[in-house]
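Protein chains in written order, with the working numbering: chain A, 84 to 812; chain B, 161 to 315. Using N, Cα and C, we set each Cβ at its ideal position, and we do this for glycine too. Data block below; observations after.
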Amino acid sequence: MRTSMTRRAFLKGSLAAAGLTIGVSVTPFGHRLLNASEIDSFSPNVWFKITPDNKVAIFIGNSEMGQGVLTALSMIIADELEADWKQVRVIQGGAKEEFKSPILKVQITVGSASVRGFYEPLRKAGAAGRAMLIKAAAETWKVPENECKALLGTVKHEKSNRTLTYGQLCLKAAKLQVPENPPLKNENEFRYMGKPMPRVDVPEKVSGKAVYGLDVTVKDLHYAVIARPPAYGAKPLSFDQKAAEQVKGVEKIVQIPQGIAVCAKSIDAALNGRNVLKVNWDKGALPEMDNSSIEKSLMEDLNKPMVSVVNTGDAKKVISEANKKIEATYFVPYVAHATMEPMNCTAYVRDDQCDVWAPTQSQTVAQMVASQVSGLPPAKINIHTTFLGCGLGRRARPDFVAEAVGISKAIGKPVKVFWTREEDIKYDAFRAPASHRIEAGLDTQGQLIGWSHKVVSPSILKDIAPAAIKGGIDFYCLWGLADAPGSPMWNNRIQYEIPNLFIEFLISSLPAPVAPWRSVQNGPNAFVIECFIDELAHAAGKDPLEFRLQNLKNNMRARRVLETVAEKAGWGKPIPKGEGRGIAQHACFGSYVAQVAEISVNKKDGTIKVHRIVAAVDCGPVVNPDPLVAQIEGGVINSLGTALKEEVKFANGGVKSANFDDYNVMRMSEVPEIQVHIVKSSEKIGGIGEVGVPPAAPAVANAFFNATGVRVRRIPLSPKTVMEALKKA
Amino acid sequence: MISLHVNGKVYQVDVSNDTPLLWVLRDYLNLKGTKYSCGIGECGSCTVHVDGKAVRSCAISVGEVQRKKITTIEGLPENHPVKKAWIKEQVVQCGYCQPGVIMQVAALLSQRPALDADQIITKMDDVICRCGTYPRIKRGIKTAIQMTKKEVKKS
């Protein structure tokens, strides 16, 4: 069902093949539909192609990392095109300027932006094709267009009982003018959208035939592993090049900015070579850095002068005069991506061009970096997107691409850079840690009247888009708290109706690199906001659900997911002794999610057992409901990992965590029953890949308070943290 | 020379005895369905069958498996109940860990006396899926058991 194609073959095939080709081009004026004759000037970002053999090829530029993007985007096109799913072939496209996200303006698969970005343009593209095929049939039969109907890859004229297939019509249709505003289907006419369609990538993944980055083979492939510094900023003092060169299969040792690369004809030989390199490293930039110094630094920074992000009303004054004043300090640690497929990339640099085979979330970024490192213009860089062995945001970072291109250039051979699991964790760019201090005031009715919030976090944009840091504000660190001016992540602010709101921010100078991690800082920020709201509810003497609704009076979408999840979870009904129930909601990527967690706490060893998570989701129209539920399940499980287990350990100025034996992620027996309820909604379409993450961790922490009466203001709620908190109480 | 019996074929490979089976399967025999993820037997992505039992191919050397019957994901028939159940239940997301998960479930499913779904599920804590397909893996196991029972009835 799904096949790969090189960029070259893709372009050649698309341009040369006879048939009807429709693309969607992002221009400064928005989306424009074009036909094949115009392709030279406007290459499209997502295409379909109908050929006389009655096949429909759909080209997708987004990266498939399990979220089902190849299927969902193809469903949108096929539905409006009224194609027969059986005739559809989905093809992974390469890097093209015009494949870029309508929301993010680069070719990138992040920000839960694929379906919500492409939904409208792809519906139009499909509908235009359908209109043209109908017109072609009507002209053939010399009957009025409105007497003809598209049906499953054919056009029918019922009066005369005649039928032509799309294959028979495509050449004629290709010569017609592309309509600017083709009629779209009504929702009740959808054939695929809204129904659970099997994902096109599942069969080859089950058979073991799916090709991930690590599985790419090319002729004369060399494998490279890199000896990397054990501490941030550490430089090599000496290493035993000869010993490594003498290992069987080792071909070359190359010093690169990232470390010392051992190149060999096989992975095992490269690893054996690296084992005997015996590199002496200096102590690095901050040899004393460990977890306690990190936490201390972030906490101390809360007392420094900050930059004002939001200042509505007079929060300080209102809080100081409030009937009740509540203050709390929260902390969230570094968390690793730890995707199952470790970082890797294959590259082959020649004099006049460069091929890159990468499990990348951003073809544009990979192409830019490969161009910089190789010295070749971007047009000479061919990006081949493989399947991604999970993404979580890690694979939008191009470090592995730079390494493969750099080493290939140095040795003049095709090179696969391979990261071991230990490297994948130690040299990750983590989810950013943060410290938060919040004060809030309640009036005599228990209504929230003022909120003053300080946040300290290392900058996420520093490595991605430093120019986007304005006036000391990195909005990526503030997602879920405050909207950035002009941000494509609309409505990504604190949802509660707070008349006096003051948010301040400071960039921490901690050296460990940070990056987006599924939902970016919506995860950590929702943990803080939703736990603190719970504290306020308790201080006001109100039920946590009631308090939330009371402060979300006009926020109908947030109210609806809260009310739905409360009803489905039986909120308010008695629960067994020793168990706790917690609730949380969050809005991000244009969607609203609320969750209820039911847990029990073992007070003897500090372990928390999560029994059930109930989720309610409002993401507007639903394209493919089954993968949607799977995305919420996965998001919840990632979030439970951060709530209960995940924290990167540091020592001696570097990362101490190394593998799955000391960086603990969720396992089968720890995963609760997860129920997902999709709220029927005709709102604007929202994202889904990341929105399951934010509410789960605070729902669990609030359930912990409900079970024990003890508030823990940091994650993970590890047995050690839990025992310490219970002892203190 | 090491002699390996993989998926019904015999291969001669020029590697040292202590080379991990994983690298030989992947890079010498080009059986890329078996995945590397942790290299220390902690995650299960590299699981294959050695004489019918689930084994971590990253943590066993080729020297240890000579003359033994090795089966990889490519050697598990496409109509195997676990593969069929995995498609029916749409278990996979990124899919990277799934060949290992499927091989582990298939080995547990073939144990005699037969294990029930809950018994199999309790033996799945040593495989990691970072996408969070665990609820679907549970469903897949239940469906695979039902499919196996149906097949037994038919025959």
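Two segments are said to touch when three or more pairs of C-beta atoms, one from each, lie closer than 8 Å; by this definition the region 145-159 of chain A touches the region 193-207 of chain A.
A/Pro-425 reaches chain B at Tyr-196 and Ser-197, counting residues in chain order whose Cβ is nearer than 8 Å. Beyond the five residues adjoining it in sequence on each side, B/Gln-258 comes within less than 6 Å, by CB distance, of Val-252 in the same chain, given in chain order. Between the alpha carbons of B/Thr-308 and A/Val-294 lies a distance of about 29 Å.
Taking the Cα of A/Leu-369 as reference, the smallest distance to any Cα among A/Arg-357, A/Gly-316 and A/Glu-383 is reached at A/Gly-316.
Counting only runs that start and end inside the region 689-741 of chain A, the alpha helix (DSSP H) elements of at least 4 residues fall at 708-727. Only those residues of the region 738-749 of chain A whose C-beta falls short of 9 Å from the nearest C-beta of chain B are listed: Asn-742, Phe-743, Asp-744, Val-748 and Met-749.
The criterion of a C-beta distance shorter than 8 Å is satisfied by A/Ser-321 and A/Asn-363. Within 9 Å of the CB of A/Gly-665, no CB atom of chain B is found; the nearest one sits about 20 Å away. Each residue's CA atom was taken as its position, placing A/Ser-349 and A/Gly-332 some 7 Å apart.
Residue-level contact check: B/Gly-223 does not touch chain A, since none of the beta carbons of chain A fall below 8 Å from its beta carbon.
Pairing A/Val-676 with A/His-669 gives a Cβ-Cβ distance under 8 Å. Residues of the region 467-490 of chain A that bring their beta carbon within less than 9 Å of a beta carbon in chain B comprise Phe-470, Leu-471, Gly-472, Cys-473, Gly-474 and Leu-475, in sequence order.
Within the region 157-181 of chain A, no residue has a Cβ lying closer than 9 Å to any Cβ of chain B. Residue pairing by DSSP puts A/Gly-533 in a beta bridge opposite A/Gly-524 and A/Asn-583. Neighbours of A/Val-456 in chain B, taken as residues whose beta carbon is under 7 Å from its own, are absent, since the nearest beta carbon is some 25 Å off.
For A/Gly-661, there is no enclosing alpha helix (DSSP H), as DSSP marks it with neither H nor E.
What A/Arg-282 touches in chain B, judged by beta-carbon distance under 7 Å, is Gln-250, going in chain order. Closest by C-alpha distance to A/Val-390, out of A/Ala-808, A/Ile-556 and A/Ala-411, is A/Ile-556.
In this structure, the beta-carbon distance from A/Ser-722 to A/Ala-780 falls below 8 Å. When secondary structure is reduced to three states using DSSP, A/Arg-601 falls in the coil class, being assigned neither helix nor strand.
Linking A/Thr-248 to B/Glu-234 through their CA atoms gives a straight-line distance of about 38 Å. Per DSSP, the beta-bridge partners of A/Thr-246 are A/Lys-239. If you look at A/Val-285, you'll find it isn't in any beta strand (DSSP E); it sits in the alpha helix (DSSP H) that goes 285-290.
Taken residue by residue, none of the region 374-406 of chain A has a beta-carbon sitting less than 9 Å from a beta-carbon on chain B. When C-beta atoms of the region 430-449 of chain A are compared with those of the region 482-491 of chain A, three or more pairs fall below 8 Å, so the two segments count as touching.
Residues are counted here when their Cβ sits less than 9 Å from a Cβ of chain B; for the region 490-505 of chain A these are Phe-501, Thr-503, Arg-504 and Glu-505, given in chain order. Residue contact check for A/Lys-767 against chain B: no CB pair falls below 8 Å.
By the Cβ test, the region 505-525 of chain A is in contact with the region 728-742 of chain A, since at least three Cβ pairs between them sit closer than 8 Å.
Taking a contact as a CB-CB distance under 8 Å, the pair A/Gln-175 and A/Ile-143 counts as one, their CB atoms being some 6 Å apart. In summary, the residues of the region 287-308 of chain B whose CB is separated from some CB of chain A by less than 9 Å are Val-287, Ile-288, Cys-289, Arg-290, Cys-291, Gly-292, Thr-293, Tyr-294, Pro-295, Arg-296, Ile-297 and Lys-298, in the order they occur in the chain. Here A/Ser-535 is not near A/Lys-408, since their CB atoms are 8 Å or more apart. By the criterion of a C-beta distance shorter than 7 Å, B/Lys-248 is surrounded in its chain by Thr-303, once the five residues flanking it on both sides are discounted. A/Met-276 counts as buried, since no fewer than 16 other beta carbons sit within 10 angstroms of its beta carbon. Classified as buried, B/Met-263 has 16 or more neighbouring CB atoms from the shown chains inside 10 Å of its CB.
Sequence-distant Cβ neighbours of A/Trp-562 in its own chain, meaning closer than 7 Å and more than five residues away, are Met-572, Asn-575, Val-603, Gln-604, Asn-605, Asn-608 and Cys-671.
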